[in-house]
Every structure is written in structure tokens, then in C-alpha cells.
Amino acid sequence: MYIKDIQLANFRNYKTLSISFHPKINIIYGKNAQGKTNLLESIYVLALTKSHRSFIDSNLIKNGMNKAKIMGNILKDSFSSKYEIILEEKKKSFKIDGNLIKKTSDYISKINIIIFYPEDLDLIKGSPNIRRRFLNVELSQLNTGYYSILNDYNRLLKMRNDYIKSNISHIDENYFQVLTSYLVDKSILILKMRKKFIEKINENISDIFYQISSLKNFHIIYKSFIEYENDEELMKKKIIDLFKSNREKEIKYKSTLIGPHRDDIEFYIGNIDLKTFGSQGQQRIAILSLKLSEIEIFKKYKNDTPILLLDDVFSELDETKKNNLLNYITSDIQTIITTTDLTNIDSKIKKDAKLIEIENGTIKHIEEVE
Ligand SMILES: Nc1ncnc2c1ncn2[C@@H]1O[C@H](COP(=O)(O)OP(=O)(O)O)[C@@H](O)[C@H]1O
Ligand SMILES: [Mg+2]
């Protein structure tokens, strides 16, 4: 798939913007703080309804305004669809081809995005919630059902936590058990999908990591509160038992202490944990390999290429890694690259790319592909 064009109104530092993209390579360049990342962010938000760099939607609205709008046409399997997001202070709405979409889950698995950005390293070095967020975002794109299951899970989790907090001295056992049982059902679904996703990643990530680094046996591990069982009944029983043995602790901490909301992923070369023992270089290759292996997953399991967004990543990569990434870019995948310095980008790439210069939230210059 690829994005044909985008129109913005009051998004970040853009008052209005209308721009069309090339189906292959697009390079957005300009000085610092002009709106390059904002433009990539608008594509990300159009696809996934949330920003990759801000949890607060109202930050996306141009200062002093009360409403932002993003519109874009996406071409997929030679059909074009118009996507639209309106962001207001406390409200968001989505449309596809003019029709209001009520459920977010009906919207977000349609446009597939893979993004590389400088803060990506936090995926290894940062806290587990960053990695869980990664899993959730990727799985929501790959699997239409994931997002709504996750939503149900989070709703039940909040109910259960609220219940523990407010009824600590007189818990209604029947009610509590029913709530726990619903929560466990959703847990199992989430674990199952996450496990599958990790398996798919591991199908090719070791090869990709090896190509870039000549190091073997790279893989990722899903670190769960429970060992996965194919037999769902057995799994449910084990989780319920675990809840029982955690009862005292839950009361003490007044919250639900086990479940996929506490799980994590780990990155290994052989048996070496990259978070603790990996060099910064190895960690970067790990992230690069992770994203590249996701492209393969989209190709293989969704029969389509995602849109690739590369925010200012070329200045930080050495030649080998750059070339590896470029192999993907020069294949069949639409890529939108930002850079402050056009000389960072190989001339082979530049000559086939649409060049867009951004200055202070406006287009300064455009060069189409010949
Ligand atoms: N909500 C907003 N309203 C207006 N301007 C904003 C908003 N959010 C960010 N900006 C401005 O956008 C600019 C940064 O844009 P960004 O795309 O991150 O720059 P870069 O071109 O370096 O990637 C800054 O000047 C910042 O003040
Ligand atoms: Mg930037």
C-alpha cells in the first residue's frame, strides 16, 4: 500500500498543508524544527489514531486552535480510500470514504505503518511499558481483533483494580471470581496473539541480524507471567491458581499484579541479554532487525507492504546498516524519509526520490521524480 497524498489543517505547526507523495521514495528535508517530524507524525496518526511521540492528543492541535484535521488517500490493491481524522480537545473522530467509523478497532488495522526514529533505542533500554506499547501497536495493525480484545482487557483490569481498592475489607467472592475469570479469558487471547507474533518475528529476525552484524542466534523472547499452554482450559486453570496464590499480595498492593499488562519482551544474542550486556551498536542493530523483520511479516501475512517512515535515522547509521536499510527502501515499499542534510542520503536513492523541502510549516520547494 502507499499514501497518495495528505492534507493537514491546524496540525502541529501546519496551518494548512496539501502534498502528494511518490509511491516509492520521498525525502523531506529542511532545517531543524521546521515540521519534518510533524509531517511524518501526521501520517502515523492518520494510520493509527495516536502519535508515536505524544500520549496527549491535544498536543497535536496547532497552538491556539481547537481542532486539527488530517486527511489522506491511501492506495491499496489498486483501490483508493480516503481516510480522515478530526482531533478536538477531548474528542477524536475517524472517517473512511466519508463514513464515520464508531469503533477505533474498525479503523486502525487498515493503514500499515513501520516507523524508525531516533528514540527507538528506548525499545531496548527503556521501561517495559514501551515494549508492551510496541507489541500492542504492531499487533493492532496485524490483527483486526487485537485492539478490541486489549480494550476489553484494560476495561476489566480497571474494574478489577477499582474493586480491590474500594472493597478491600468485604470482597464479594462470587463477583470477584466472575470478574477475574473474564479477565483471564481476555489474558489468554492476548497471550496467544503475542506469542504468535513473537514466533513470526523469530522466523526471520536472526537471519536479518546476521546479515547486518555477522552475529548468529539473535532472537526475542516473550517474558510472561505464566508459561504458555496450548490447552486453554489448562492455561486458564493455571492462571486462576496463580491469582489465588497471589491473593494476599494483591490485597496488600491493592492492584492486579499478574497479567499481560505486566509482561515484557527481551532481546538475546545466544544467551546474552542485550538490554544489560549489549553494546549500543548491537542494540541499534537489534531494533533495525526487529523493524525489518516486521516488514517481512506484513508482506507474508497481510500480503502487502507497509508504509515505511524513517525519521532522521541516516545520520546515526554506519555504512553497512544504511545499505541494509536501503535495500529495503529501494525495493517495492513506499518510504518517506526525513533529513536535515540531503548529503546524508546516497545519490542513488536521491535520483529516484521526490524531494520536499519544508520551512516553518510550509513547503518551500518540491522536486518531482523525473
Ligand atoms: N501544537 C503545536 N502547535 C504549533 N507548533 C508546534 C506544535 N507542536 C510542535 N510545534 C512546533 O513544531 C516545530 C517542531 O517540528 P518538528 O517537526 O519536530 O521539527 P523537525 O523539522 O526538526 O523534525 C517546533 O518549532 C515546535 O514549536
Ligand atoms: Mg525531527
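1 is the number of the first residue of the sequence shown in this note's numbering; add one for each residue after it. Even glycine gets a Cβ: it sits at the ideal position worked out from N, Cα and C.
Per-residue burial, residue i [other beta carbons within 10 Å of its own, 16 or more giving buried]
i    : result
T371 : Nothing about residue 371 can be reported from this structure: the residues present for the chain run from 1 to 370 only.
Y371 : The first residue shown for the chain is 1 and the last is 370, placing residue 371 beyond what the model contains.
E41  : buried
M1   : buried
N303 : exposed
Q141 : buried
L150 : buried
G259 : buried
T180 : buried
Q280 : exposed
E233 : exposed
Ligand 1 heavy atom lying under 6 Å from the CB of residue i
i    : result
A353 : no
Beta-carbon proximity check, residue i vs residue j, cutoff 7 Å
i    : j    : result
A286 : F267 : yes
N38  : N13  : yes
E294 : I114 : yes
I220 : I190 : no
I208 : L121 : no
Y222 : I198 : yes
L46  : L87  : no
I333 : T305 : yes
N161 : S255 : yes
I6   : I356 : no
I124 : K275 : yes
N73  : K4   : yes
I108 : T49  : yes
S289 : I366 : no
I358 : K36  : yes
I336 : N26  : yes
I226 : I239 : yes
F11  : I70  : yes
K103 : D152 : no
Y147 : S105 : yes
Beta-bridge partners of residue i, as assigned by DSSP
i    : result
S20  : D5
G72  : I6, Y83
N99  : I96
T362 : E359
N26  : I336, K354
H219 : Y268
I114 : L308
Residue i: CB within 6 Å of a non-hydrogen atom of ligand 4
i    : result
D185 : With respect to small molecules bound, the structure shown includes ligand 1 and ligand 2 and not ligand 4.
Cutoff 7 Å: residue i Cβ touching any chain C Cβ
i    : result
S347 : Absent here is chain C; the protein component of the structure consists of one chain.
query: Whose CB is closer than 5 Å to a heavy atom of ligand 1? List the residues in chain order.
result: Qualifying residues come out as R12, N13, N32, A33, Q34, G35, K36, T37, N38, K62, N63.
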